[in-house]
Structure formats: C-alpha cells, structure tokens
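A quick write-up on the structure given underneath.
Number of protein chains: 4
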Amino acid sequence: MRVKEGNKEKDILTAAISIFANDGYHNAKISKIADEAKVATGSVYLYFQNKEDILQKIFEDLWSRLYTELKSHLSNKNLSPAEQIDAMIDLVFDVFTENPDLALVFVNEQNHLQRAEAIRFQNFYEKFLDLGETAIIVGIGKNNFSDNFDIKVFRIFILGAIRSLLHTWANNPKSLALNKIRQSVKFLIKNGIQK
Amino acid sequence: MRVKEGNKEKDILTAAISIFANDGYHNAKISKIADEAKVATGSVYLYFQNKEDILQKIFEDLWSRLYTELKSHLSNKNLSPAEQIDAMIDLVFDVFTENPDLALVFVNEQNHLQRAEAIRFQNFYEKFLDLGETAIIVGIGKNNFSDNFDIKVFRIFILGAIRSLLHTWANNPKSLALNKIRQSVKFLIKNGIQK
Amino acid sequence: MRVKEGNKEKDILTAAISIFANDGYHNAKISKIADEAKVATGSVYLYFQNKEDILQKIFEDLWSRLYTELKSHLSNKNLSPAEQIDAMIDLVFDVFTENPDLALVFVNEQNHLQRAEAIRFQNFYEKFLDLGETAIIVGIGKNNFSDNFDIKVFRIFILGAIRSLLHTWANNPKSLALNKIRQSVKFLIKNGIQK
Amino acid sequence: MRVKEGNKEKDILTAAISIFANDGYHNAKISKIADEAKVATGSVYLYFQNKEDILQKIFEDLWSRLYTELKSHLSNKNLSPAEQIDAMIDLVFDVFTENPDLALVFVNEQNHLQRAEAIRFQNFYEKFLDLGETAIIVGIGKNNFSDNFDIKVFRIFILGAIRSLLHTWANNPKSLALNKIRQSVKFLIKNGIQK
DNA sequence: CATGAATGAGTATTCATTCAT
DNA sequence: AATGAATGAATACTCATTCAT
Numbered sequence: 001m002r003v004k005e006g007n008k009e010k011d012i013l014t015a016a017i018s019i020f021a022n023d024g025y026h027n028a029k030i031s032k033i034a035d036e037a038k039v040a041t042g043s044v045y046l047y048f049q050n051k052e053d054i055l056q057k058i059f060e061d062l063w064s065r066l067y068t069e070l071k072s073h074l075s076n077k078n079l080s081p082a083e084q085i086d087a088m089i090d091l092v093f094d095v096f097t098e099n100p101d102l103a104l105v106f107v108n109e110q111n112h113l114q115r116a117e118a119i120r121f122q123n124f125y126e127k128f129l130d131l132g133e134t135a136i137i138v139g140i141g142k143n144n145f146s147d148n149f150d151i152k153v154f155r156i157f158i159l160g161a162i163r164s165l166l167h168t169w170a171n172n173p174k175s176l177a178l179n180k181i182r183q184s185v186k187f188l189i190k191n192g193i194q195k
Numbered sequence: 196m197r198v199k200e201g202n203k204e205k206d207i208l209t210a211a212i213s214i215f216a217n218d219g220y221h222n223a224k225i226s227k228i229a230d231e232a233k234v235a236t237g238s239v240y241l242y243f244q245n246k247e248d249i250l251q252k253i254f255e256d257l258w259s260r261l262y263t264e265l266k267s268h269l270s271n272k273n274l275s276p277a278e279q280i281d282a283m284i285d286l287v288f289d290v291f292t293e294n295p296d297l298a299l300v301f302v303n304e305q306n307h308l309q310r311a312e313a314i315r316f317q318n319f320y321e322k323f324l325d326l327g328e329t330a331i332i333v334g335i336g337k338n339n340f341s342d343n344f345d346i347k348v349f350r351i352f353i354l355g356a357i358r359s360l361l362h363t364w365a366n367n368p369k370s371l372a373l374n375k376i377r378q379s380v381k382f383l384i385k386n387g388i389q390k
Numbered sequence: 391m392r393v394k395e396g397n398k399e400k401d402i403l404t405a406a407i408s409i410f411a412n413d414g415y416h417n418a419k420i421s422k423i424a425d426e427a428k429v430a431t432g433s434v435y436l437y438f439q440n441k442e443d444i445l446q447k448i449f450e451d452l453w454s455r456l457y458t459e460l461k462s463h464l465s466n467k468n469l470s471p472a473e474q475i476d477a478m479i480d481l482v483f484d485v486f487t488e489n490p491d492l493a494l495v496f497v498n499e500q501n502h503l504q505r506a507e508a509i510r511f512q513n514f515y516e517k518f519l520d521l522g523e524t525a526i527i528v529g530i531g532k533n534n535f536s537d538n539f540d541i542k543v544f545r546i547f548i549l550g551a552i553r554s555l556l557h558t559w560a561n562n563p564k565s566l567a568l569n570k571i572r573q574s575v576k577f578l579i580k581n582g583i584q585k
Numbered sequence: 586m587r588v589k590e591g592n593k594e595k596d597i598l599t600a601a602i603s604i605f606a607n608d609g610y611h612n613a614k615i616s617k618i619a620d621e622a623k624v625a626t627g628s629v630y631l632y633f634q635n636k637e638d639i640l641q642k643i644f645e646d647l648w649s650r651l652y653t654e655l656k657s658h659l660s661n662k663n664l665s666p667a668e669q670i671d672a673m674i675d676l677v678f679d680v681f682t683e684n685p686d687l688a689l690v691f692v693n694e695q696n697h698l699q700r701a702e703a704i705r706f707q708n709f710y711e712k713f714l715d716l717g718e719t720a721i722i723v724g725i726g727k728n729n730f731s732d733n734f735d736i737k738v739f740r741i742f743i744l745g746a747i748r749s750l751l752h753t754w755a756n757n758p759k760s761l762a763l764n765k766i767r768q769s770v771k772f773l774i775k776n777g778i779q780k
C-alpha cells in the first residue's frame, strides 16, 4: 500500500519560514516557497487559503507552542516569581535559537500581521503574556517586585526588547553572542522590576 | 518659468508618512501619496528617485532630528548619567507623541529598511545611540550603574522596548496612556541598570 | 494539471508579426498582441522574456528559415552562379510574398534590432549571405562576373535594394506588381555584376 | 542693442540629429535634445510643434538640399545620362559623408516616418527621384540603357541599396571604406542598367 | 490529492507636453 | 521669447490565485 510520505503542510510551512525570513513577506513568492517545499505551486492552496494564511499559521504555531511549553514548565515546579520570569525568557530564547529563520519572521512580520483582519494567534499570545503577568503580580504581592511600573506596559516592554535583540542576532549571529544577550536581558529585567 | 510654490517636497513627505502609517509601505500607492500631497503623480519623481527613496528620507530626517536635538540638549546642561537617560527617553517620546503616524512608520518599516542596500540614516542612528552609550559608561565609571549587562545589548534592548510600546500606543492611543508608558519605561530602565 | 493546448507560442508570434507590422514595434502593446493571440496578457511572459524577445524570435525564425531553405535548394541541384543568385532572390521574394506582414516587420525593425545587445539571428543571417557570396566568387572565378565591385559591398547592396522594394510593396501592394519587381531586380543584379 | 545670438532652431535640429542617431527616435528624449542644444526643454516647443515635427523637419531639410543641389549641378553642365547618374550618387555620398549622424537618422527613421500622416518631405523626395528618372529615360531613348527593368522599381532599388550601405558604414565607418562603397555602387548601377 | 499552465488585475515609473512666471 | 517645474496619461511586467487535467 502507498504510505503517505512526508507531510506537505509541514514542508510548506518550513519552506515559507525560510523564504519569508530571507526575502520578507511581501517579496516572498508562492512559487519559490513551493519549489523549496518540493511541491507544485497549486498544492500550496490545498493546505492554505492564501499567502497570508501561511503567515498566520506560522505565528499560530509559534505562540501555541510558546504558551503550551511555558504552561507545562511552570505547572510542575514550584518556582519563585523571579524564576518564572527567567523561565519565560529562557523559553523564548531557546525557541528562536533553534530556528533563527523563525526569529526573523517573528520580528519582521508580527507588526504587519497585527493590522490584518483576523489575528488567529492572538489567543495564545495573550495567554502566554498572562502567565508572565501573573508571576509579576504575585511578585509584587510578596513585596519582591516594585509597583512603580504598569504591568501592561511591562508586557510590551520586555517583549519588544527581546524581539529587537533577536532581530539583531538573527540578522548577524556573530555580532552578539546569544548567551551574553540572554544574561544581560535577565539582569536588566529582574533588576528593573525588583523593589 | 513656473516657479516652485510652497514646499512640495515637504508636502510629499508628510503625505507619505500618513499613507505609509495607514496602509503600510508595501501597500502604499504613489498615486495616493501624490493625491494626499495635492501634487501630480509624476511630481513625486521630481523630488524623489523612487518609492524607497521617500522612506529613506523619512528615516534620515527622523534620526537626524533625534540626534541633533539630543546633542544640543545634553551639551548645554550638566546632567547626571541618569538624567541623560531620562532626556533620551523623553526626546523619543516627545517626537513620536507629536506625530503618531511617524511612530507607526518608524516601528513598522525600520526593519524593512535595514535590509535595503543603502541605509542612509545609519549614520545619525549610530551617533544617537553612541550618546546614550557614553552616558551609560560614565554612570558605570561613577559606580552608579551596574556592569552586569552588556552595553551593546542594552542599546538594542531599550530601543526595542520603546519601539514596541510606541507601536501599541500609535495603533490604539486609548489603550495605554502615554505618560504612564513614559513613567514606567523610565523606572524600568533606570532601576534595571542601577547598581 | 492544465495541459498546453494548441501552440500558444506560435499564436503569439503570429499575432506579434501582425501587430508589429501595423503599429510598429514601439507602438505595439503587449496586451493587444495577447488579445490578437487569444491569450491572457500574462501568458505572453510564459513564452517570451519580454517584448524585445518576441522580436528577436521573429527574426531568428525568419533567417533560420531563409538559410535552411536556400541551403537545401542549392545543395541538390547543380546550378550555375547566375542561377544561384536567381534562387536567392526568388526565395526572399517567395517568403515575403506569402507573408507581407513579416516583410513589413523585416524592413522596419531590423535596423532597430541591430543596435540591440544580443542579436540572436546574426548567425543565420551571416550564413545566408555567405552562400550568396560563394556564388559570386565562383562566378568571378569562371570569368562570368566582373571583379569591378567589392563583394562585401555587394551583399549589403542587394539586400538593401530588395528590402526597400519589399517595404514599398508591403505598404501598398497595388502600387507595384511583385512579379515586375522581381523581374527587374533579377535583371539589374545579374546585369550589374556580369562581365 | 541685444543681438540675437546663435540660431536656436538650427541648434535644436543639430542636437536632434545627434540624439536621434545615437538613441533612435523612440528612445530619444526631448529634454536631452534640449540639453544638447543648450536650450530649455520648453523652448523646443517654440520652434517645433512636437517631437515628430523635429524629425519631419530634418528630412525636409535633407531632401530639399539634395534636390536643390542636384538640380543646380545638372542644369549648368551638359552631362550624359551616365554622368548624371554618377552625379546623383556622388551627391548622396557627399552629403552623408560630411554628416554620418544624419546618415543614421536617414536610414533608421525614414521608414518610420513614411507611415506618419503628413510626409512633408515627400515633395522634394519625389522631385529628386524625378531628376534621376529623367536621366534614365533619356539614356534608354539614346539606346544606352536597357529597357529590361521598370523605372519605378529602379528608383527604389538604388535608393534602398545606398541606404543600406550608408547604414552599415555609419554604424561602423571602419568596416567599409567609403570610396570603395562609392566605386562599387557606381559600377553595379551603371553596369546593371546598361544595354 | 496533485499539478503547473493560464489568468488578468494591479502599479511604479517615464516623458512628451503645458503653462505660470 | 525663454524657462523648467509641473502634469498625468500610458504600459510593460509581476505574481497570487485558479482550474482543467
């Protein structure tokens, strides 16, 4: 019997991440993605509604994974608020370190996507940030963290900072050692919010 | 002969900032920019070489202004390193507060531009960041600031954080009060780097 | 998959000859050629790289055909030099008589093309003329033809004369009877070169 | 008093011949012609109705000059028909030798022009050819020339042959010595028409 | 499911011509 | 007459999407 070989949807997504990272979303050609995925141009439309749908799926997968992994990581252990913050930062760095192209797509195209009609990843994105927010609130309650800053601002603050660093790193991995970035970020964040 | 009336170049730039902010660079049409500037389509090409040239000029003007104003601000007074950091943050917030469209273009398109061939704003951009770097180094020398973080990382860290916040604010000014953002940023930054 | 039906490349070439003949190369619109070929505008670019590529292909086909047919015509028979000259003239007149539009494109656009970068038809064009040159040289050797003229000059002389006549005829077939042109040309050429 | 210096109309025509010769009529830009003529773009339209009007004027001047000079040349002397043919050929070669750019415009653009609405040079062109035709008819009458060819055909035949040779020469003057061309043409023509 | 040839809407850019000065 | 800034119509070419096989 003929076994379904490979996973074309996955192949297309992987190819798209690579092409989007290198050419940017707007300059990326569907035919090039199809070539890279070793699939016919028309086949892309069997798995995705249109070009933007591919990008949406990439972000959906990304935030779903980040949320799920963070949740499972936090739930098992009994971590202090500061340790939870560390865990979040580590997770984000780990995910993007193993896939720099994904980091580039993330930093370059998320803004673009946020003006799109349906933001399907919004759900996981918010839940991911909510986990961090909870850690902060607990930390403030325990009098470990200052209350001199707005938590909604903080969410965006930290994510923007990390995104920008990942962008610089992904574009030129040699310009900044990733472990130095990670260490500095942890210090700046935790020192920044401490009482 | 027909003599230049008004300042068409300025009109086109202003229109372009508005259109780029609302439609995004790639979806922005030259004809729409020309309409908004009350100028014929072809006239755009009297003042700019092509579409990208307009975007380059916007960023060039922006970073040139930020650098020049920061420099003059710092040179006159005798500010402590922490006050200098405050001044930088205030300046960025002030510029974008008075022109939210510019903020949107800044956050959405700077990445796009950095992959372009000639990055004309690079010069002023680097000089602006160098001023901040100097403040940090002096602060560390005076034992006011920690040396637990990498300065190159910090440059990107803070700019990315602010950019992300401005993006959220410019997209929906009501979601976050700007003064709350500004105050929180100042706290997180200064608390983050302090010894 | 959707499979190539008919011969779209041929249809486009035929349409292009007609449109180029009537409107001139520079005024010819790709969309009009596509319409005439009953093909979508974009399809033209599946078969040709750009507008000039179409013209190049027309000339390539033309000279390739002229050379091939002349060669096979000369090789079989045992013709005298004068008869070979006749054969060349007849061939050129026959080809253009059956396709006056092609004659018009030939006379109007060959100069234009000769300033273009890549002249793909050059090869067959030269080989065609070389066959004629050989006939002349043999005729001179046999003391049938005069040596009072330069052969390189003659090549251009005769082709230019014929081109000009075809141009007049193709523009207005009624102004000159083609058989009268053909007869006169043969006389003038052969009388002109004879000893 | 301010004396009109130079002759702008003449300057523009001279510039146009140069630009048309080098870039071809369709690629020639009015602004470039104006630059070359050291005149403002708009000034071109003080002397010519539009771009094509410039080309028309070039040909009008050319054929007017050819006709006038030929006429004065023939009228004074008492030349045999064969000498008259020589005189025509010499005149054409002389005019284009002294201005190769004009030769290029002549050979490249005359066809283009002949499809235009108003062919203002037609008058002188016909009269020039009529002078030659008369010489032929006289020569036939004197039994010097053959009557095995059509005179209308011959007109076009000889002009086309010369045009083609001038084209080759003007594009690459070193490829063919002009005196060799001239000598060969005279031989081929006179030998071709003789009894 | 898969293919890739075919489609045709969409747009940056050019440049002959105009016109206010 | 002269200027050259301003105009805006015009078009080759691209590429996301469709669809006949």
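Line by line, the protein sequences are chains B, W, L and S. Read left to right, the first sequence gives residues 1 to 195 (this note's numbering). Read left to right, the second sequence gives residues 196 to 390 (this note's numbering). Read left to right, the third sequence gives residues 391 to 585 (this note's numbering). Read left to right, the fourth sequence gives residues 586 to 780 (this note's numbering). In this text, a Cβ means the ideal position worked out from N, Cα and C, and glycines have one as well.
Should residue i go down as buried or exposed, given a rule of 16 or more other Cβ atoms within 10 Å for buried?
i: L46(B); result: exposed
i: N661(S); result: exposed
i: N626(S); result: Just to set this straight, residue 626(S) is Thr in the shown sequence, not Asn. Counting Cβ neighbours within 10 Å, T626(S) comes out exposed, since fewer than 16 surround it.
i: V690(S); result: buried
i: G141(B); result: exposed
i: V393(L); result: exposed
i: M1(B); result: The predicted position of M1(B) is uncertain, since its pLDDT is 40 and thus under 50; a value taken from the coordinates is nonetheless stated next. By the neighbour-count rule (16 or more Cβ atoms within 10 Å), M1(B) is not buried but exposed.
i: Q244(W); result: exposed
i: K29(B); result: exposed
i: G396(L); result: exposed
i: S72(B); result: exposed
i: D150(B); result: buried
i: A567(L); result: exposed
i: N417(L); result: exposed
i: N498(L); result: buried
i: S31(B); result: exposed
i: F175(B); result: Residue identity differs from the one stated: residue 175(B) is Ser in this sequence, not Phe. Classification for S175(B): exposed.
Would DSSP call residue i helix, strand or coil?
i: F149(B); result: coil
i: K4(B); result: For K4(B), the predicted structure reports a pLDDT of 48, less than 50, and the residue's modelled location is therefore unreliable. The matter cannot be settled from this model.
CB-CB under 8 angstroms to residue i, same chain, minus the five flanking residues each way: which ones, in chain order?
i: P563(L); result: P490
i: R171(B); result: With the sequence shown as reference, residue 171(B) is identified as Asn, and Arg is not the correct amino acid for it. Answer for N171(B): L104, listed in chain order.
i: R650(S); result: V680
i: I722(S); result: I736
Just to confirm my understanding: we take residue i, look at its own chain, exclude 5 residues before and 5 after, and list those with CB closer than 7 angstroms. What are they?
i: A229(W); result: A235, T236, S238, V239
i: D537(L); result: I530
i: D289(W); result: none
i: E69(B); result: L91
i: I548(L); result: I579
i: Y415(L); result: L445, E499, H502
Am I right that residue i and residue j are in contact with their C-beta atoms under 8 angstroms? What's the rounded C-beta distance?
i: A472(L); j: N534(L); result: 7 angstroms
i: S769(S); j: R553(L); result: About 18 angstroms separates the two Cβ atoms, so there is no contact after all.
i: I193(B); j: L383(W); result: 7 angstroms
i: F739(S); j: Q695(S); result: 18 angstroms between Cβ atoms; not a contact.
Going along the chain, which residues of its own chain have a beta-carbon closer than 6 angstroms to the beta-carbon of residue i, five neighbours each way excluded?
i: D401(L); result: A427
i: Y457(L); result: F514, K517, F518
i: R120(B); result: Q56, E60
i: E9(B); result: Y47
Exercise. At 4 residues or longer, and completely inside the segment 431-502 of chain L: list those alpha helix (DSSP H) runs for me, N to C.
Key: Complete alpha helix (DSSP H) runs here, min 4: 431-437, 441-466, 471-487.
Practice problem: Could you pull out every unbroken beta strand (DSSP E) segment of at least 3 residues lying fully inside the segment 140-190 of chain B, listed in chain order? | Solution: Runs found: none.
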